[in-house]
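Trainee: Got a structure for you, written out below as structure tokens; questions coming shortly.
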Amino acid sequence: KNAPPASLLSGRHGRSPHPRRHREHPPFSSPLAAAGGQRPRGVAAVGGGLGWHLAAAIWPPLPRTVLPRFVAAWASAVARVCGGGVSGVRRCSDCAVVWLRLGGRAGCQVSGMPTFALPVQVGGVGFDYRLHMAVADKWIELLKGNDEAWEMGNIVHTLTNRRWLEKCVTYAESHDQALVGDKTIAFWLMDKDMYDFMALNGPSTPNIDRGIALHKMIRLITMGLGGEGYLNFMGNEFGHPEWIDFPRGPQVLPSGKFIPGNNNSYDKCRRRFDLGDAEFLRYHGMQQFDQAMQHLEEKYGFMTSDHQYVSRKHEEDKVIVFEKGDLVFVFNFHWSSSYFDYRVGCLKPGKYKVFSYCHSPCLDC
């Protein structure tokens, strides 16, 4: 029904000819435009020549949005893998065979190449957004240590370490953290207590209380300071407890090393989205918190505001304060101290309304 024009399927066996032999349109222009149609939106490309290994399609158009859990497309399913370097990526992103009709193009590029998310007209590669990949790794690094060792300046630096005018999609965790061999953020925080103490009608534990609070803070500060777009990943919006493990058999590498499989089990090849919808579980409050974050961004548009200023990163108090748009964010990461009448600076004088998730009874903080 929504098949692409025939010009996209030219060549033998339904494949487009080599980009160097494609003469239907000038370099870097859209074949859809040449065919009288519109360029597909939301198509992301992978270029093998520069080692780009992943891209995600963003919906609805960023900013002012968060990725829904079911609408993220891997580049291997929607775009050709080409080895033509930067030029190949430009052609590939415009010549994708599958129409997604989503939002912008976001690229995942591990080397931090400059201009990756700048327009072609100014010498960039042409992606609309780049994934801010260092943030998720930083959170896992911190969670492996003690709370006392967290450095506020290090957290702020990681969240804000991005190039001017290159828009970023930030996230607290992704497949790199959730695949077998690692743990989700929620499991790092609460571990085996998640199996027995997540029911609202039962007792809690210090691990559960601390884990839920930190999970909320990690997501909020990542969204508030990490970029111009925010990405959920397969259940972390409600603190999915378990890892992802695809069915696999045993392998023997060329080096002779034996890699055991999981007996081709599908047990962990799933996401339990029903946990977030179950109102009798604490997962439900964590999911409501994520929805509240999205509504806050939708109302105030702070992620794309020109005004962003970090006014405090206090190592002794473990406090981070920053302004984003018309909002002032205050985070207390101290493991034992709470503060009252804590003075923070702000750009605009006057009275501020406290928008506190934790005081809402439905969010189970």
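Residue numbers 1 to 365, in full-length UniProt numbering, belong to the letters of the sequence shown in order. We put the beta carbon where it would ideally sit given N, CA and C, even for glycine. Because the structure is a prediction, the values reported are computed rather than measured.
1. Taking the alpha helix (DSSP H) that Thr160 belongs to, which residues open and close that run?
2. Among the residues of its own chain, which have a CB less than 7 Å from the CB of Gly325, if the five just before and after it don't count?
3. To the nearest angstrom, report how far apart Phe127 and Met223 are at their CA atoms.
4. State yes or no: is the C-beta of Asp139 within less than 8 Å of the C-beta of Ile185?
5. According to the neighbour-count rule (16 or more other Cβ atoms, all chains shown, within 10 Å of its Cβ), is Cys168 buried or exposed?
6. Take the Cβ of Val120 as the centre, count every other Cβ of all protein chains shown within 10 Å, and call the residue buried at 16 or more, exposed below.
7. Please check the pair Ile259 and Leu179, which I expect to be a contact at CB under 8 Å, by giving their CB distance rounded to whole angstroms.
8. Should Glu151 be labelled buried (16 or more other beta-carbon atoms within 10 Å of its own) or exposed?
9. Looking at C-alpha atoms only, which residue of Arg272, Phe233 and Gly124 is the closest neighbour of Thr115?
10. Suppose only complete runs of 4+ residues qualify. What are the alpha helix (DSSP H) ranges in the stretch 230-304, listed by chain order?
11. Going by C-alpha distance, which of Arg130, Leu327, Val321 and Phe233 is nearest Lys351?
12. Using only alpha-carbon positions, find the residue among Ser337, Asn146 and Asn264 that is nearest to Ala249.
13. With distances taken between CB atoms, is the gap from Met286 to Pro241 smaller than 8 Å?
14. For Ile155 and Arg105, I'd like the C-alpha separation in whole angstroms.
15. From what residue to what residue does the alpha helix (DSSP H) around Thr222 run?
16. By the 10 Å Cβ neighbour count, where 16 or more other Cβ atoms means buried, how is His284 classified, buried or exposed?
17. Roughly how many angstroms lie between the CA atoms of Gln288 and Phe329, to the nearest whole one?
18. How close, in whole Å, do the beta carbons of Arg130 and Glu173 come, if the pair is a contact with beta carbons under 8 Å?
Mentor: Reading it off the structure:
1. Following the DSSP letters along the chain, one finds Thr160 inside the alpha helix (DSSP H) bounded by residues Met152 to Thr160.
2. Hits under 7 Å: Tyr300, Gly301, Phe302, Ser305 and His307.
3. Roughly 21 Å between the two C-alpha positions.
4. Reading off the sequence, residue 139 comes out as Trp, not Asp. Yes; because the gap between Cβ atoms is below 8 Å, this pair is in contact.
5. Cys168 comes out buried.
6. Of the residues assessed, Val120 falls on the exposed side of the cut-off, its CB having fewer than 16 other CB atoms within 10 angstroms.
7. With a contact defined as Cβ atoms closer than 8 Å, Ile259 and Leu179 miss out at about 14 Å.
8. Flag for Glu151 reads exposed.
9. It is Gly124 whose Cα lies nearest to the Cα of Thr115.
10. Those alpha helix (DSSP H) runs which fall completely within the stretch 230-304 and span 4+ residues are 274-277 and 282-300.
11. Ranking the options by Cα distance to Lys351, first place goes to Leu327.
12. The sequence given here has Gly at residue 249, not Ala. The residue with the shortest Cα to Cα distance from Gly249 is Asn264.
13. Their beta carbons are not under 8 Å apart, which means Met286 does not touch Pro241 by this criterion.
14. Going from the Cα of Ile155 to the Cα of Arg105 covers about 27 Å.
15. Run containing Thr222: Pro206 to Leu225, per the alpha helix (DSSP H) assignment.
16. His284 should be labelled buried.
17. So the two alpha carbons sit approximately 19 Å from each other.
18. For Arg130 against Glu173, the beta-carbon gap comes to about 17 Å, at or over 8 Å, which does not count as contact.
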